[in-house]
Structure formats: structure tokens, C-alpha cells
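Q: Before I ask anything, here is the structure I am working with.
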Amino acid sequence: MKLDCKHVWEYISEYIDQQLEPSVLADVENHLENCEVCSAVMDSTRNVLVLTADNRTFELPVGFSERLHRRLREVIGEGAGR
Amino acid sequence: MGESRQAASAETIAREKGLISRILGGEADLFHELIRPYERMVYSTVFAMVKNEAEAEDGAQDVMISAFQHLKSFRGESKFSTWLVTIAMNEGRKRLRKTKAAGLESLDEAKEEHEGDFTPVALTDWREIPSVALEKKELREKVREAVQELPEIYREVVVLRDLEELNQEETAAALGIAITLVKVRLHRGRMMLQKKLVPYLKTAGTIASAKRGFLGRLLQ
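So the protein lines, in turn, are chains A and B.
Per numbering that gives the first Met the number 0, numbering through the first sequence is continuous, rising by one, with the last residue being 81.
Per numbering that gives the first Met the number 0, numbering through the second sequence is continuous, rising by one, with the last residue being 219.
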């Protein structure tokens with residue numbers, strides 16, 4: 000089946016997650032090979048997701064760990080003293 | 000790679016199970032060790048929801064304390080990390096509701112039938128982004144803001160799937176929604192991110208390649 004661009008866009012997320020049915024996957028891949036726009040959309044979406052998953056995007060504030068464990072020690076200490 | 004990841008994961012589950020029973024058995028101090036690998040996960044989940052650093056840190060501490068106090072109720076049906084991130088998501092939601100109730104954030108509840116535009120930006124002149132561009136701090140800030148600005152129902156799914164990398168089933172269970180809904184919301188959230196971020200990605204790419212061009216000419 001020939002897919003138009005808009006239909007391919009609906010499959011982007013499932014394509015990235017490798018969840019497309021084999022028959023649909025073949026149509027999408029065929030379209031991507033021949034369509035610069037859609038392959039650019041696919042690549043840019045992937046890049047966005049790589050950046051989202053990057054540990055540095057949501058970095059821990061300086062001293063976070065020390066403050067957390069200090070507070071935990073207080074709570075754990077209370078529990079043990081009970 | 001899938002197999003080794005699975006093996007690593009089975010090893011982690013067994014190790015954590017052992018730690019948890021020792022903590023419950025009285026060695027409470029081991030809780031520090033149990034949560035150490037998940038500090039960033041808990042913080043980033045709360046931060047993505049509440050947007051404010053100080054509030055996120057406070058929330059993340061509350062999540063860890065709550066996890067310690069409720070550790071007995073962890074049945075080991077899910078991974079410890081999934082259980083913990085679910086508490087973090089609920090803490091983020093709770094704090095977000097408070098902020099909204101105080102009128103500090105707009106009530107932008109996106110409804111499922113919401114007539115949003117979920118089509119990506121169609122590009123014709125996309126090139127692979129040089130990795131040097133991805134190293135830019137400004138770009139990562141834009142990404143963070145874009146995630147934080149997603150309507151809540153899409154943000155929750157994007158955070159669990161694409162930030163914390165939970166699988167579909169774990170995400171559905173953590174949010175208490177059907178897998179089909181996870182898929183729909185994830186797709187829409189991702190398209191909204193693409194649309195919002197592509198202009199910055201393209202700029203970053205252009206700057207880097209322009210520099211390379213300049214340097215290239217110097218070297219000639």
C-alpha cells in the first residue's frame with residue numbers, strides 16, 4: 000500500500016519504538032527511503048528523544064545528594080530510636 | 000545487547016530484593032544504598048512536573064522519605080525503580096495541583112478530544128546534527144523547557160517513557176491508564192516536542208557547521 004506523508008507521521012512514534020506490524024513497517028520504510036521530508040522528520044524526532052533522555056538535560060543540582068542523605072539520616076534515625 | 004541488559008536487570012532485582020529485606024529486618028541504613036542509583040530519576044520526574052528547582056528538590060526528598068516509610072508495602076511485583084518513580088510522579092502531580100490551585104499556573108488540562116495540532120514540523124533541509132551542537136547547554140535547557148511546557152497528560156507519559164525510559168506496560172501501570180492511551184499520548188507529546196525543538200536544533204546545527212566551514216577555510 001502506498002502511504003502519504005501524513006499517514007507516515009502517524010506512525011513515527013511506533014516506528015521509533017519498533018512496534019509496527021511487519022506489513023505497515025515495510026510500507027513506512029519504503030516511504031522513508033523515497034521521501035526526504037519524512038526521513039528528516041523521523042531523524043529530527045529521534046534527535047529530540049536522544050536529548051530528552053540525556054542525563055544532563057535534567058541535571059541534579061549541586062549538593063543534592065548530600066542534602067538528601069542528610070535528611071534521610073534524620074528520618075531513619077528517628078525510626079531506629081522509636 | 001537485549002539479553003545482557005535483561006541479565007543485568009535480573010541481577011539488580013535480586014540485589015535490591017536482598018537489600019529491601021535487610022532494611023525491613025532492621026538494617027535501615029542500607030536504604031541509602033538502595034536509593035542511590037535513583038536520585039536523578041526521582042528528581043527529574045518531580046522537576047519535569049513542577050518546573051521549579053527548589054520545589055523539585057523538596058519533592059524528591061519527600062519521595063525518598065515516603066518510600067522509606069512505605070517500603071513494607073513494596074511487594075516486588077514491579078521493579079523497585081518503577082515503584083519509586085510512580086511515587087515520584089504522584090508527588091509531582093500533587094505539587095502541581097497545589098500550584099494550580101494557588102493560581103500560579105494556568106489550568107491547561109488537555110482533554111483527550113483536545114483539538115491539538117499533533118503534526119510534526121516538515122523539513123526539507125535537515126542534516127544530521129553535529130554532536131558538538133548537542134553538547135550545548137542552551138540546547139539542553141530548551142529541551143527541558145519544552146518537556147516542562149507540555150500539557151500535563153502528555154508530559155506524564157513523555158517523562159516516564161522518554162526521560163525515565165520505562166516500558167509501555169510500566170508506564171501504563173504507573174499512571175493507571177490503558178496501554179493504548181499511553182501510545183496515543185506519547186505520540187502526541189513527541190510530535191509537540193519535535194515541533195517546538197526543531198527550530199533550535201536547526202540553529203544549533205547551522206552554527207556548528209558554519210564554524211566548521213570557517214575553520215575549514217582557515218586550514219586550507
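Glycine residues also receive a C-beta, built at the ideal position from the N, C-alpha and C atoms.
Small disclaimer: the values here were computed from a predicted structure and weren't measured.
#1: Taking only beta-carbon atoms, is Glu-35/A less than 8 Å away from chain B?
#2: Which bits of chain B does Gly-31/A rub up against, with CB to CB less than 9 Å?
#3: Just by C-beta distance, which residues in the stretch 27 to 51 of chain B are closer than 7 Å to chain A?
#4: In this structure, how does DSSP classify Pro-112/A when only helix, strand and coil are distinguished?
#5: Can you list, in chain order, the residues of its chain whose CB lies under 7 Å from that of Glu-90/B, leaving out five sequence neighbours each side?
#6: Output yes if chain C places a C-beta closer than 8 Å to the C-beta of Pro-21/A; else output no.
#7: Does Val-61/A pass the burial test, meaning 16 or more other C-beta atoms within 10 Å, or should it be called exposed?
#8: Taking a contact to mean a Cβ-Cβ separation below 8 Å, would you say Ile-129/A touches Phe-30/B in this structure?
#9: Compute the Euclidean distance between the alpha carbons of Ala-101/B and Ile-176/B, then round it to the nearest angstrom.
#10: Grouping DSSP H, G and I as helix and E and B as strand, with all else coil, what is Arg-216/B?
#11: In this structure, how does DSSP classify Gln-278/B when only helix, strand and coil are distinguished?
#12: Just the chain B side, please: which residues come within less than 8 Å of Val-7/A by C-beta, in chain order?
#13: Cα separation between Lys-5/A and Gln-17/A?
#14: Using three-state DSSP, classify Ala-101/B as helix, strand or coil.
#15: DSSP state of Asp-53/A, grouped into three classes?
#16: Whose C-beta lies closer than 8 Å to the C-beta of Glu-168/B among residues of the same chain, with five residues either side of it excluded?
#17: Run the CB neighbour count on His-186/B, radius 10 Å, all protein chains shown included, and call it buried at 16 or more, exposed below.
#18: Quick check: what's the CA-CA separation for Val-36/A versus Ser-43/A?
#19: Using DSSP with H/G/I as helix, E/B as strand and the rest coil, what is Leu-180/B?
#20: Exposed or buried, what is Gly-212/B when buried is set at 16 or more other beta-carbons lying within 10 Å of its beta-carbon?
#21: Taking 8 Å as the limit between beta carbons, can you name the residues of its chain near Leu-162/B, skipping five residues before and five after?
#22: Applying the criterion that 16 or more other CB atoms from any shown protein chain within 10 Å of the CB defines a buried residue, is Arg-154/B buried or exposed?
A: For this structure:
#1: yes
#2: Just to set this straight, residue 31/A is Leu in the shown sequence, not Gly. Simply none; closest approach about 13 Å.
#3: Going along the stretch 27 to 51 of chain B in chain order, one finds Ala-27, Asp-28, Phe-30, His-31, Glu-38, Arg-39, Tyr-42, Ser-43, Phe-46, Ala-47 with a Cβ nearer than 7 Å to chain A.
#4: The requested residue 112/A does not occur in the structure, where chain A is confined to residues 0 to 81.
#5: Val-45, Gly-58, Asp-61, Val-62
#6: This model lacks chain C altogether; the protein chains it does include are A and B.
#7: exposed
#8: With chain A covering only 0 through 81, there is no way to say anything about residue 129/A.
#9: Just so you know, the alpha carbons of Ala-101/B and Ile-176/B end up roughly 27 Å apart.
#10: Because the pLDDT at Arg-216/B is just 45, under 50, the model does not fix this residue reliably, and the value given afterwards should be weighed accordingly. Note: Arg-216/B maps to helix in three-state DSSP.
#11: The shown model of chain B, from 0 to 219, leaves out residue 278/B, and the question about it has no answer.
#12: Here the premise fails: no neighbours, minimum Cβ distance about 10 Å.
#13: 19 Å
#14: In the structure shown, Ala-101/B adopts coil according to DSSP, grouped into three states.
#15: coil
#16: Once the five neighbours on either side are set aside, the close Cβ partners of Glu-168/B are Ile-178.
#17: buried
#18: 11 Å
#19: helix
#20: At Gly-212/B, the pLDDT of 44 sits below 50, so the modelled position is not reliable; the number obtained from the coordinates is stated separately. Flag for Gly-212/B reads exposed.
#21: So the list reads Ser-43, Thr-44, Ala-47, Val-146, once near-sequence residues are dropped.
#22: Its Cβ being crowded by 16 or more others within 10 Å, Arg-154/B is buried.
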